[in-house]
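For the record, the sequence lines run as chains A and B. Position one of the first sequence corresponds to residue 1 (full-length UniProt numbering), numbered consecutively onward. Position one of the second sequence corresponds to residue 1 (full-length UniProt numbering), numbered consecutively onward. Built from N, CA and C at the ideal position, the CB exists for glycine as well. Input: a single structure, listed below in structure tokens.
There are 2 protein chains.
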Amino acid sequence: MLKAVVGEPNVSTAAVVLEQHGHDESMHRCSPPDAVVWPQSVEQVSRLAALCYDHRIPIIPFGTGTGLEGGVNAIRGGICFNLTHMDRILDLNVDDFSVTVEPGVTRKALNSYLRDTGLWFPVDPGADASLCGMAATGASGTNAVRYGTMVENVVNLEVVLANGQILHTSGQGRRFRKSSAGYNLTGLFVGSEGTLGLITTATLRLHGIPEATVGAVCAFPSIQTAVDCTVQIIQSGVPVARIEFLDEVMIDACNKYSGLTNAVAPTLFLEFHGSQQGLEEQLRRTEEITQQNGSSHFVWSEELEEQNRLWAARHNAWYATLALRPGCKGYSTDVCVPISRLPEIMVQAKEDMKTSGLTGTIVGHVGDGNFHCILVFNSEDADESRRVEEFVKQLGRNALAMRGTCTGEHGIGLGKRQLLKEEIGPVGMETMRQIKSVLDPKNLMNPGKVL
Amino acid sequence: MLKAVVGEPNVSTAAVVLEQHGHDESMHRCSPPDAVVWPQSVEQVSRLAALCYDHRIPIIPFGTGTGLEGGVNAIRGGICFNLTHMDRILDLNVDDFSVTVEPGVTRKALNSYLRDTGLWFPVDPGADASLCGMAATGASGTNAVRYGTMVENVVNLEVVLANGQILHTSGQGRRFRKSSAGYNLTGLFVGSEGTLGLITTATLRLHGIPEATVGAVCAFPSIQTAVDCTVQIIQSGVPVARIEFLDEVMIDACNKYSGLTNAVAPTLFLEFHGSQQGLEEQLRRTEEITQQNGSSHFVWSEELEEQNRLWAARHNAWYATLALRPGCKGYSTDVCVPISRLPEIMVQAKEDMKTSGLTGTIVGHVGDGNFHCILVFNSEDADESRRVEEFVKQLGRNALAMRGTCTGEHGIGLGKRQLLKEEIGPVGMETMRQIKSVLDPKNLMNPGKVL
Ligand SMILES: Cc1cc2nc3c(=O)[nH]c(=O)nc-3n(C[C@H](O)[C@H](O)[C@H](O)COP(=O)(O)OP(=O)(O)OC[C@H]3O[C@@H](n4cnc5c(N)ncnc54)[C@H](O)[C@@H]3O)c2cc1C
Ligand SMILES: Cc1cc2nc3c(=O)[nH]c(=O)nc-3n(C[C@H](O)[C@H](O)[C@H](O)COP(=O)(O)OP(=O)(O)OC[C@H]3O[C@@H](n4cnc5c(N)ncnc54)[C@H](O)[C@@H]3O)c2cc1C
Numbered sequence: 001m002l003k004a005v006v007g008e009p010n011v012s013t014a015a016v017v018l019e020q021h022g023h024d025e026s027m028h029r030c031s032p033p034d035a036v037v038w039p040q041s042v043e044q045v046s047r048l049a050a051l052c053y054d055h056r057i058p059i060i061p062f063g064t065g066t067g068l069e070g071g072v073n074a075i076r077g078g079i080c081f082n083l084t085h086m087d088r089i090l091d092l093n094v095d096d097f098s099v100t101v102e103p104g105v106t107r108k109a110l111n112s113y114l115r116d117t118g119l120w121f122p123v124d125p126g127a128d129a130s131l132c133g134m135a136a137t138g139a140s141g142t143n144a145v146r147y148g149t150m151v152e153n154v155v156n157l158e159v160v161l162a163n164g165q166i167l168h169t170s171g172q173g174r175r176f177r178k179s180s181a182g183y184n185l186t187g188l189f190v191g192s193e194g195t196l197g198l199i200t201t202a203t204l205r206l207h208g209i210p211e212a213t214v215g216a217v218c219a220f221p222s223i224q225t226a227v228d229c230t231v232q233i234i235q236s237g238v239p240v241a242r243i244e245f246l247d248e249v250m251i252d253a254c255n256k257y258s259g260l261t262n263a264v265a266p267t268l269f270l271e272f273h274g275s276q277q278g279l280e281e282q283l284r285r286t287e288e289i290t291q292q293n294g295s296s297h298f299v300w301s302e303e304l305e306e307q308n309r310l311w312a313a314r315h316n317a318w319y320a321t322l323a324l325r326p327g328c329k330g331y332s333t334d335v336c337v338p339i340s341r342l343p344e345i346m347v348q349a350k351e352d353m354k355t356s357g358l359t360g361t362i363v364g365h366v367g368d369g370n371f372h373c374i375l376v377f378n379s380e381d382a383d384e385s386r387r388v389e390e391f392v393k394q395l396g397r398n399a400l401a402m403r404g405t406c407t408g409e410h411g412i413g414l415g416k417r418q419l420l421k422e423e424i425g426p427v428g429m430e431t432m433r434q435i436k437s438v439l440d441p442k443n444l445m446n447p448g449k450v451l
Numbered sequence: 001m002l003k004a005v006v007g008e009p010n011v012s013t014a015a016v017v018l019e020q021h022g023h024d025e026s027m028h029r030c031s032p033p034d035a036v037v038w039p040q041s042v043e044q045v046s047r048l049a050a051l052c053y054d055h056r057i058p059i060i061p062f063g064t065g066t067g068l069e070g071g072v073n074a075i076r077g078g079i080c081f082n083l084t085h086m087d088r089i090l091d092l093n094v095d096d097f098s099v100t101v102e103p104g105v106t107r108k109a110l111n112s113y114l115r116d117t118g119l120w121f122p123v124d125p126g127a128d129a130s131l132c133g134m135a136a137t138g139a140s141g142t143n144a145v146r147y148g149t150m151v152e153n154v155v156n157l158e159v160v161l162a163n164g165q166i167l168h169t170s171g172q173g174r175r176f177r178k179s180s181a182g183y184n185l186t187g188l189f190v191g192s193e194g195t196l197g198l199i200t201t202a203t204l205r206l207h208g209i210p211e212a213t214v215g216a217v218c219a220f221p222s223i224q225t226a227v228d229c230t231v232q233i234i235q236s237g238v239p240v241a242r243i244e245f246l247d248e249v250m251i252d253a254c255n256k257y258s259g260l261t262n263a264v265a266p267t268l269f270l271e272f273h274g275s276q277q278g279l280e281e282q283l284r285r286t287e288e289i290t291q292q293n294g295s296s297h298f299v300w301s302e303e304l305e306e307q308n309r310l311w312a313a314r315h316n317a318w319y320a321t322l323a324l325r326p327g328c329k330g331y332s333t334d335v336c337v338p339i340s341r342l343p344e345i346m347v348q349a350k351e352d353m354k355t356s357g358l359t360g361t362i363v364g365h366v367g368d369g370n371f372h373c374i375l376v377f378n379s380e381d382a383d384e385s386r387r388v389e390e391f392v393k394q395l396g397r398n399a400l401a402m403r404g405t406c407t408g409e410h411g412i413g414l415g416k417r418q419l420l421k422e423e424i425g426p427v428g429m430e431t432m433r434q435i436k437s438v439l440d441p442k443n444l445m446n447p448g449k450v451l
């Protein structure tokens with residue numbers, strides 16, 4: 001069966017896969033692979049990779065296709081490795097807060113599997129992405145301000161290298177909390193976007209489900225005050241679990257799309273985790289700071305249903321924005337700056353969006369200094385597409401000028417290779433290229449991405 | 001001046017440096033370099049490295065010489081780059097919780113510089129090591145259970161590569177909280193022990209000084225109960241800032257060396273950080289768990305002086321152990337295992353130490369699953385030295401068999417290269433060697449270490 005698929009160009013299947021799963025509605029045009037394979041085990045992945053290596057065929061790893069930077073586009077053809085059929089959850093260790101997952105396991109699938117253990121995996125990019133895909137892009141999302149990103153939550157990876165060899169980045173089966181043994185290969189493969197190898201299992205760090213959770217919403221007179229407030233909450237040391245900004249356009253879109261009735265104003269959605277007693281203190285301090293920043297009402301709720309409604313709306317921000325202009329495409333920017341510069345860059349972005357005559361919303365994981373402008377545009381309109389592209393580049397450069405990064409969590413993929421060069425400089429680029437060249441000497445692993 | 005030093009073998013100076021700073025009393029014999037240079041700037045480091053590159057001269061980076069695995073030994077001769085004269089603290093950003101330090105800045109120097117800012121740098125290996133050296137070894141220590149290790153607290157590194165090129169691992173001057181831009185070079189250089197380049201500045205993540213701090217001491221009937229208790233405290237989610245184990249031999253040695261009067265029994269030293277109200281809750285929960293594990297007295301103190309006495313004693317554990325057999329050498333093991341396996345491996349280590357007829361203490365950052373046996377032995381006694389070596393290897397292998405690591409925080413250096421091979425396996429070793437070979441093609445950066 002394996003042989004039947006390999007080597008038989010299968011553009012239509014690939015296209016269907018991309019069509020079904022591909023949220024990649026960005027500026028990157030769809031480039032289907034020549035074939036798609038669905039391996040069932042690491043041994044099959046390894047044999048297939050070795051075949052590709054011998055025949056110099058590009059390999060494009062595919063998780064769930066929720067990536068936003070064209071990462072799964074087969075711009076040089078080749079074989080798409082769809083890993084969704086490898087979907088076992090292995091080696092759950094409740095006492096040690098760790099679990100191992102294959103690439104077909106998504107964030108939601110893992111968390112429902114964990115339901116009765118008292119543990120959860122907090123990294124949450126909204127989309128129900130595969131955990132190995134999240135490791136591949138260095139994903140983060142709403143909870144990162146408290147629990148860290150994939151970088152901090154991946155303990156070990158099993159990786160099939162370009163030539164088919166199987167690497168365990170921290171050694172086979174290891175799941176220690178920390179180590180100084182040799183080079184940090186786990187850290188190197190997290191965020192490598194399929195350009196260094198295929199991740200076939202990820203061992204993850206789990207966290208205890210908090211004793212209690214409170215959700216809160218808080219509207220502000222301006223972007224500036226909302227973001228100033230965020231900076232102060234973080235600086236005051238409140239261990240907030242989520243602190244998300246939505247601008248007034250976004251709130252309006254969410255109200256319509258998700259049936260909420262929030263005041264149409266720049267808004268923070270917050271979540272607090274802790275003991276009952278600890279939560280009271282967190283809430284009290286946060287409310288004080290919101291009041292100092294001109295927010296008149298800080299509404300909070302212990303009701304799980306209420307909280308779920310809030311976060312479902314937040315997670316649907318992308319679709320709510322797309323609904324602003326039906327039939328149009330979406331593109332999400334993703335800069336991250338030192339938190340003190342956040343008010344300035346967000347206010348500027350808002351103005352630039354207006355000046356460029358673009359339609360879009362602003363949402364952000366503001367506790368990390370990371371935010372997104374979600375732009376909706378008519379991709380058939382050459383002028384509008386150009387303005388989107390210019391806006392995106394300019395915003396990236398504004399972030400770089402403030403010592404920030406052009407991508408907080410989506411990755412470089414296809415579209416940000418120029419910005420990466422500006423961000424990391426020539427020696428950094430050369431170092432990355434050297435690493436790539438030695439681990440993937442024939443440039444077969446997701447070629448044309450990142451570097 | 002630069003030229004006068006370069007190329008002139010200066011063994012005596014080097015020897016003095018190693019003598020003065022070298023805590024490396026381990027099993028590794030001292031191998032002085034052919035010369036020592038004291039560059040004053042990154043440009044000088046870069047020019048010197050380029051000269052060494054042209055002349056194929058090994059480079060040994062030197063921080064403060066507190067490393068415990070022979071990392072600064074010049075086993076193939078070459079030039080020791082003593083970086084202590086580069087000791088500026090740059091670019092402190094209180095609002096963004098970040099600072100940049102040169103290699104001559106130690107942990108204590110940084111924290112006294114920060115005193116009035118409300119911020120601190122928590123990673124604390126006990127020794128007053130250089131922060132760049134700590135980055136080089138992937139150090140951690142007593143606070144890591146709450147604040148993470150160097151891996152989680154280094155934001156950016158300036159590195160002089162073997163050929164003299166200057167690399168900024170996250171891009172020049174960048175200090176964002178998170179990024180998905182290209183390969184994680186910062187993570188790769190943290191823990192590389194001087195084998196990939198010379199770290200000439202480190203940008204670090206700072207933390208808010210906690211509103212209140214409480215120290216606590218708690219004696220147990222056995223190692224097993226003390227460590228069981230640790231596991232339960234961690235699993236219960238108490239955000240303990242420090243949780244250190246000391247066995248009864250260690251407590252006895254500390255009592256004598258530091259003038260304490262603790263009950264001679266397996267003991268936990270703890271520290272809690274938080275708001276006044278939050279601390280009460282942490283203390284209450286912890287005390288409950290200690291009682292369930294048979295501890296009769298849980299003594300805590302808000303007095304800073306009392307706390308300082310406690311942690312000074314803990315930090316002097318190495319010297320207190322050495323004082324058990326004056327004139328003898330010390331060697332510290334450093335395994336780390338999944339926390340559920342900690343009671344078993346520690347009880348076994350204690351027995352093995354006895355069976356081998358060795359003298360030593362046990363201390364541990366047990367919240368991370370990391371502990372040290374500090375052995376004192378007569379290095380002139382071939383048989384005793386052999387027994388130490390066997391004990392160390394066996395303990396490493398016991399940790400590996402439990403899915404742990406042979407080094408939680410000290411690094412591989414000279415002595416653990418065989419254990420690294422067993423830990424990471426042949427493909428992992430080959431991957432590390434490939435990375436080394438492309439970044440340091442002439443094998444000049446601290447040759448013979450790690451790989
Ligand atoms: C509505 C929406 C909201 C989003 N919000 C966020 C957010 O808040 N934060 C955030 O971080 N991201 C966000 N994303 C982006 C997205 O969810 C992530 O990029 C995700 O981490 C990718 O996972 P995936 O399994 O879908 O990977 P894919 O999209 O399939 O692939 C992404 C990249 O990773 C590579 N890859 C995938 N799997 C593997 C593997 N097993 N081995 C090697 N390489 C692999 C691919 O080759 C590609 O380069 C959002 C996406 C959507 C659609
Ligand atoms: C009493 C005592 C207790 C200790 N307890 C702990 C503990 O609890 N936790 C812990 O993690 N460690 C502990 N250590 C070990 C020690 O403090 C660390 O290994 C420290 O991180 C090394 O820093 P250093 O500046 O002394 O580096 P050095 O000892 O000078 O060098 C160590 C290694 O790093 C390299 N290096 C140093 N500086 C640079 C640089 N600028 N660029 C590139 N490479 C460089 C060297 O080449 C060498 O390989 C302890 C040491 C002692 C003496």
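query: Neighbourhood of Leu-114/A by C-beta, 6 Å cutoff - its chain only, sequence neighbours within 5 removed; result: Trp-120
query: Selection of the region 158-184 of chain A by Cβ proximity to chain B, strictly under 8 Å; result: Leu-161, Gln-165, Ile-166, Leu-167, His-168, Thr-169, Ser-170, Gly-171, Gln-172, Gly-173, Arg-174, Arg-175, Phe-176, Arg-177, Lys-178, Ser-179, Ser-180, Ala-181, Gly-182, Tyr-183, Asn-184
query: Per-residue contacts from Thr-405/B into chain A (C-beta, under 9 Å); result: Ser-170, Gly-171, Arg-174, Phe-176, Lys-178, Ser-179, Ser-180, Ala-181
query: Test: Val-450/B CB closer than 8 Å to a CB of chain A; result: yes
query: Asp-24/B to Gly-78/B span [Cα, whole Å]; result: Caution is warranted here: a pLDDT of 42 is assigned to Asp-24/B, below 50, making its placement in the model unreliable, and the coordinate value is therefore given only provisionally. Cα-Cα distance, rounded: 19 Å.
query: Tyr-319/B versus Gly-411/B: straight-line alpha-carbon distance, rounded; result: 21 Å
query: Exposure of Pro-441/B, with buried meaning 16 or more beta-carbon neighbours within 10 Å; result: exposed
query: Members of the region 191-215 of chain A that neighbour chain B once the beta carbon cut-off is set at 7 Å; result: Gly-191, Ser-192, Gly-208
query: Straight-line Cα distance separating Cys-80/B from Pro-61/B; result: 6 Å
query: CB contact below 8 Å: Ile-339/A versus chain B; result: yes
query: Burial state of Ile-435/B (16 or more Cβ within 10 Å); result: buried
query: Residues of its chain near Ser-26/B, where Cβ-Cβ distance is below 8 Å and the 5 sequence neighbours each way are ignored; result: Confidence in Ser-26/B is poor, its pLDDT being 49 and thus under 50, which makes the residue's placement too unreliable to answer from.
query: Contact with chain A by Cys-373/B, beta-carbon distance below 8 Å; result: no
query: Exposure of Thr-230/B, with buried meaning 16 or more beta-carbon neighbours within 10 Å; result: buried
query: Proximal chain A residues relative to Gln-277/B, where beta-carbon distance stays under 9 Å; result: Gln-277, Gly-278, Glu-280, Glu-281
query: Nearest-angstrom beta carbon gap, Ala-135/A and Ala-202/A [assumed within contact, 8 Å]; result: 5 Å
query: Contact under 8 Å by Cβ, Leu-279/B with Val-240/B; result: no
query: Residue span of the beta strand (DSSP E) that contains Leu-204/A, given as start and end; result: 198-205
query: Beta-carbon proximity list for Ser-31/B, same chain, < 6 Å, skipping 5 on both sides; result: Asn-73, Ala-74, Ile-75
query: Classification of Asn-184/A by the beta-carbon crowding that lies within 10 angstroms, buried from 16 upward; result: buried
query: Proximal residues of chain A, C-beta to C-beta of Ile-435/B below 9 Å; result: Tyr-183, Leu-185, Leu-188, Gln-434, Ile-435, Val-438, Leu-439
query: Residue environment, Asn-143/B, which counts as buried when at least 16 other CB atoms sit within 10 Å; result: buried
query: Closer than 7 Å: residue 464/A CB and nearest ligand 1 heavy atom; result: With chain A covering only 1 through 451, there is no way to say anything about residue 464/A.
query: Cβ-Cβ distance between Thr-200/B and Val-450/B below 8 Å; result: no
query: Among Gln-292/B, Ile-362/B, Asn-163/B, nearest to Ile-233/B - alpha-carbon criterion; result: Gln-292/B
query: Beta-carbon separation (whole angstroms), Val-337/B vs Gly-428/B, contact threshold 8 Å; result: With a Cβ gap of about 19 Å, Val-337/B and Gly-428/B do not count as contacting.
query: Touch test, the region 153-169 of chain A against the region 336-350 of chain B, Cβ-Cβ under 8 Å, three pairs minimum; result: no
query: Cβ-heavy atom distance, Ile-75/B to ligand 2, below 7 Å; result: no
query: Helix, strand or coil at Asn-93/A [DSSP, three-state]; result: strand
query: Any non-hydrogen atom of ligand 1 within 7 Å of Met-134/A CB; result: yes
query: 8 Å Cβ cutoff met for Leu-188/A and Gly-187/B; result: yes
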